[in-house]
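Asks:
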Amino acid sequence: MEVVQLQRRFAEYAASLFREGFLDGQFTQLQQLQDESNPDFVVEVVSLFFEDSEKLLNDLSRALDQQNVDFKRVDSHVHQLKGSSSSIGAQRVKNTCIAFRNYCEEQNTDACLSCLQQVKQEYSLVKNKLETLFRVTGATDFDSRWVDTDDDRMNEFEVFRHREDERILVGFVES
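Take 507 as the starting number for the sequence shown in the working numbering and just add one per residue.
1) According to DSSP, is Leu563 part of a helix, a strand, or is it coil?
2) Counting along the chain, where does the alpha helix (DSSP H) carrying Ser582 start and finish?
3) Grab me the residues of Ser522's own chain with a C-beta within less than 7 Å of its C-beta, minus the 5 sequence neighbours each way, in chain order.
4) In this structure, does DSSP put Phe516 in helix, strand or coil?
5) Got a sec, what are the start and stop residues for the alpha helix (DSSP H) Leu536 sits in?
6) So, using beta-carbon positions, are Gln537 and Val551 closer together than 7 Å?
7) Who are the Cβ neighbours of Ser558 in its own chain at under 7 Å, not counting the five residues just before and after it?
8) So, at 7 Å on beta carbons, what are the nonlocal neighbours of Gln624 in its own chain, with the 5 sequence-adjacent residues on each side left out?
9) I need the straight-line Cα distance from Gln511 to Tyr519, nearest angstrom please.
10) Can you tell me whether Lys578 is buried or exposed? The criterion is at least 16 other CB atoms within 10 Å of its CB, across all chains shown.
11) Residue range of the alpha helix (DSSP H) that Gln597 falls in?
12) Indicate whether the contact test is met: 3 or more Cβ pairs, each with one atom in the stretch 612-632 and one in the stretch 561-577, closer than 8 Å.
13) Return helix, strand or coil for Asn634, following the three-state DSSP convention.
14) In this structure, how does DSSP classify Asp541 when only helix, strand and coil are distinguished?
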């Protein structure tokens with residue numbers, strides 16, 4: 507596959523994260539804060555989001571598993587998750603949290619449990635997509651890994667460093 511095609515395919519993958527609603531403009535703003543003095547800024551911030559979200563999701567599961575659910579506590583956890591997902595541009599997670607908070611206000615345990623599953627699903631999807639994006643953009647030399655994507659035609663990506671100008675070039679290999 508030609509270099510230009512590889513670059514185009516990578517750009518299409520990154521753009522699909524916005525088009526499919528996984529990310530919003532806040533992620534772009536986060537990227538703009540990254541510079542040569544802190545080249546891993548976005549990865550570090552998103553990694554903190556992953557760590558915090560895992561804890562919050564576990565706390566939510568425990569809180570909703572209680573005989574007498576403390577909806578104020580559940581709402582507090584959902585509010586934190588909504589805020590952190592919003593700060594990195596994880597749009598679908600944030601939107602699911604908005605609905606989740608409405609069910610907390612109604613004190614609807616069944617709806618909260620359903621929303622928790624939906625939040626976990628959206629979180630898992632955005633986490634996999636971002637991890638893929640970070641592996642691709644952070645790779646050097648040649649690397650080949652599997653991409654978790656719904657498009658069966660794009661199962662594998664290749665990354666290599668173009669020796670002439672030292673740019674990282676990325677592309678998907680059709681299976």
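Glycine is no exception: its CB is placed at the ideal position from the N, C-alpha and C atoms.
Replies: Put simply:
1) Helix.
2) Judged by DSSP secondary structure, Ser582 falls within the alpha helix (DSSP H) whose first and last residues are Phe577 to Ile594.
3) Listed in chain order, the non-local C-beta contacts of Ser522 below 7 Å within the same chain number zero, local neighbours out to five positions each way being set aside.
4) Phe516 sits in a helix when the DSSP states are folded into three classes.
5) Where Leu536 is concerned, the enclosing alpha helix (DSSP H) stretches over Gly531 to Gln538.
6) Taking 7 Å as the cut-off, the Cβ atoms of Gln537 and Val551 do not count as close.
7) Residue 558 is actually Asp in this sequence, not Ser. Closer than 7 Å at the Cβ level, and outside the excluded window around Asp558, lie Ser590.
8) The beta carbon of Gln624 sits closer than 7 Å to the beta carbons of Thr602 from its chain, once the five residues preceding and following it are set aside; these are given in chain order.
9) When rounded, the distance between both Cα atoms is 12 Å.
10) Classification for Lys578: exposed.
11) From DSSP, the alpha helix (DSSP H) with Gln597 extends over Gln597 to Glu612.
12) Touching, yes, given that three or more Cβ pairs across the two stretches are closer than 8 Å.
13) Helix.
14) Residue state, collapsed to three classes: strand.
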